[in-house]
Structures are given as C-alpha cells and as structure tokens.
Amino acid sequence: MNVLRIALKELKTFRDPKMLVFMLATPLLLMFILGTVLSNAFNSSAEINEIRLLTQLETGDSMLQESWESFVRVAEQSGFFFEQAGRGYEAAVQDVQNGRYTGYVTISGDGIEYYGNDRSELENSMVKGMLTAFAMGYNLETVITGRERVDDTAAQSIDNVINHVEEVSIHADRQPGAMDYYAITMTTLIILFSALTAGQLMESERKRNTALRLLAAPVTRLQIFIGKIAGTFFLNAMFVILIVFFSSMMFEAYWGERLALVFAVLFSQIVFALSLGIGMGYLLQGSASGVVLMIIVQLEAFFGGAYFAIQDAGGFLGVLANMSPLGWTNQGIFQAIYTEASSAATQAMLFNICGAALLLIATTYLLRRREGL
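Numbering (the numbering used here), first residue to last: 787 to 1159.
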C-alpha cells in the first residue's frame, strides 16, 4: 500500500504544465521539423522527366509498320510522346542534343537505331528497354508466323502477347520515410531524456527537505525506492503511448502492425533509462549527475541515430554506432515494424532489462550503505 501511495504521488506530476510541454510537445515538434526538412534524404524515388521521342520509319514492310504503330499506341498510353522526324538525321540529332527530345529512333528493315540525350540517363534506359522488348517481340512474331498468313485467332493471341508489353516490378519491403524515421527516433530519444528526471528523484526530496520526513514515516527505504520507480515508469509509459498516438494521427507516422512488440521494446527502454538515471543519481550526487547524464544522452543520441541514420557508417564511427544501446533499441523497433523478424527487438529488450537489473542492483547496494535517501 505504501508503494502504491508513493507511485500515485509521482503520477500527480502529470498535471505539471512544464512536464506536459517537455514530454509531448518537444518530440512532436522535433518530428515535424526534422521530418519536413530532411524528407528528401529518405526519398528513394527518382523524378522522371517527360519522355519525347523523334521517330523515323524507313521501311515498306507492312507487318513491321503495323507492329510499330501498335507499339506506339501502347507506349503513348503510358506517357511517352512520339513525333515524326521531318528534317533529316542531322537536324534530329541536333534537337536531341539541345534537349528538345529525349532521343531519336530510326526503324528500318536492318533493325532499330537509337540516339539518346546523355543528360537523360534514366529516361534513356527506359526507352532502350522498351525498344529492346519491341524488337524481341517483333522477331518472335516473325519466327512464329513464318511471314505467312496464320489463323486469325492465333494471330490475335500473338498480338495480345507481343504488342502489349507490361512492365512489372517486385514490390520491395516498405522502407521508413523521414516522418516515420523521426517518429521512432524522437520517441526513443525522449525516453532516454527521462534518465535526467530519474536522476533527480531522490535529489528533489533532499532539496525540498522532505527526505527526513519520508524516513520518519512508517515506510522503508526500499518501498520509497520501488514506489518512485513504479510511478515514474507509468508516467513515462503514458507519455509514450500519447506520443505514438499523436504522431500517427497528426503526421501519419507508420508504427506497423505489431504494436505490442513495439511497445514492449519502448517500455523496456523506459526501465533502462530510469535505472540509468537513478544509478547515476546515487553514484554522483548533486548537479554532477545531471551533467554526466546529459553527456551520456547526447552521445547516445548521436551514435544511436537519433538525428540521422548512422548504423551503416564504416570505420570507427560504425563501430561506436553498433555499440550504442539507443541504436539497438531503434534497430529493434525498425525491424519489428518493417520486417517479420523479431530478433533485433528481442535483443534490445534483453539488453534493456538486463542493463536495468544490473543498475538497480548497484543502486540498491549504494542505498543500503547510505544512511539517508
């Protein structure tokens, strides 16, 4: 009962406006700023310019003409623009070099000749792919028909297969956008900042001169210790739930379909952050603990990828990034959201819980050696 009363007392800080602003407004504001400013850094798509082609059909072969006209009709439905060249080869090449057209295509009985603009590599690749598909399809049709009349049904089947070239691609795994990335990293960062408030849990009692009154009350120091940790944990857990909710509603941040696993990782990080703060608060009393904790948080934020992705960095920086507990937590959450695996999330939870257990054991040892709080 004593533990519950102490925990409820800590939960009353939820009514503190400063606490609300710091724990809610700060991460949401950082999500918005970083997610908006750095959106292009997470954009894996490429902009495709308008594809305009000059064409010259130099053949009297009716079969080739019909196949090409059918190909052009299908390509125009996909956003390609074809224009008949009327001023000769040199003028057409000059227009392409000046950027008026993506390329110049010449179709004859000897094959297809294509001249493309070097400044439009992506567009050229698309055109070359489509022209290659047309050439292969036409050659296949020629072999099958033997240049002779075939049954109308068979010919129609060939047309359906060859004349309509459909481009398909394998859907890649969903990747986080800028807002998705910073929704996760800012949430884990604000959890890590809770170590600063945890480091002042007992120090605040000493500053308010309430530590002696607590010791005089019919409650043990261990009950005070557990009650304060429990209350602060539930307070931070509520803030985390609200941050996840508001980020998904306001910024449409994607938190995946396995929210239970994601929250399990986040809650384990809360336990670790509180244990780290309380441990430092007992090891270094006064303002020294706050200074050390701030340094630790800032280093963790940098090497843990809070501000930009750093896990793929090489060299010494990559080694430090892979040793970051915050980085492990972030990677565990990303894996839980964007893949079907759970190994990184499980490892992050194990580290957080084991690290918290070691810190709490050390803190309990220091508490027993001390006379007051």
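The beta carbon of each residue, even a glycine, is placed where N, CA and C say it ideally should be.
I need the straight-line Cα distance from residue i to residue j, nearest angstrom please.
i, j, result
"residue 917", "residue 884", "22 Å"
"residue 1041", "residue 1030", "8 Å"
"residue 921", "residue 879", "22 Å"
"residue 1078", "residue 1066", "8 Å"
"residue 851", "residue 867", "18 Å"
"residue 969", "residue 797", "25 Å"
"residue 911", "residue 846", "29 Å"
"residue 1026", "residue 1044", "16 Å"
"residue 987", "residue 1019", "12 Å"
"residue 1105", "residue 975", "20 Å"
"residue 1064", "residue 985", "5 Å"
"residue 1155", "residue 1062", "19 Å"
Mark residue i as exposed unless 16 or more other C-beta atoms lie within 10 angstroms of its C-beta, in which case mark it buried.
i, result
"residue 811", "exposed"
"residue 972", "buried"
"residue 1086", "buried"
"residue 981", "buried"
"residue 861", "buried"
"residue 1038", "exposed"
"residue 1035", "exposed"
"residue 1068", "buried"
"residue 807", "exposed"
"residue 814", "buried"
Sort the options by Cα distance to residue i and report the nearest one.
i, options, result
"residue 739", "1114, 1056, 1132, 1074", "Residue coverage of the chain in this structure runs from 787 to 1159, which leaves residue 739 outside it and unanswerable."
"residue 1129", "1142, 1141, 1140, 1114", "1114"
"residue 1131", "1111, 1148, 1143", "1111"
"residue 1143", "846, 1033, 1015", "1015"
"residue 1146", "863, 1123, 1012", "1012"
"residue 1150", "1009, 1084, 859", "1009"
"residue 863", "837, 875, 881", "837"
"residue 1053", "1080, 1032, 1118", "1118"
Might you give, ordered along the chain, the residues of its own chain that have their beta carbon closer than 8 Å to the beta carbon of residue i, omitting 5 neighbours on each side?
i, result
"residue 1095", "967"
"residue 1060", "980, 981, 984, 1015, 1018, 1019, 1022, 1142"
Spell out whether any CB of chain C is found under 8 Å from the CB atom of residue i.
i, result
"residue 917", "Structure shown: chain C not included; a single protein chain is present."
Between which residues of its own chain and residue i is the CB-CB distance below 6 Å, once the five residues before and five after are set aside?
i, result
"residue 965", "821, 1037, 1039"
"residue 871", "840, 842, 878"
"residue 1205", "The structure shown has nothing for residue 1205, since the chain only spans 787 to 1159."
Below 7 Å CB to CB, which residues in the same chain sit around residue i once its five sequence neighbours on both sides are set aside?
i, result
"residue 889", "839, 882, 900, 901, 902, 903, 910, 913"
"residue 819", "none"
"residue 1022", "977, 980, 1056"
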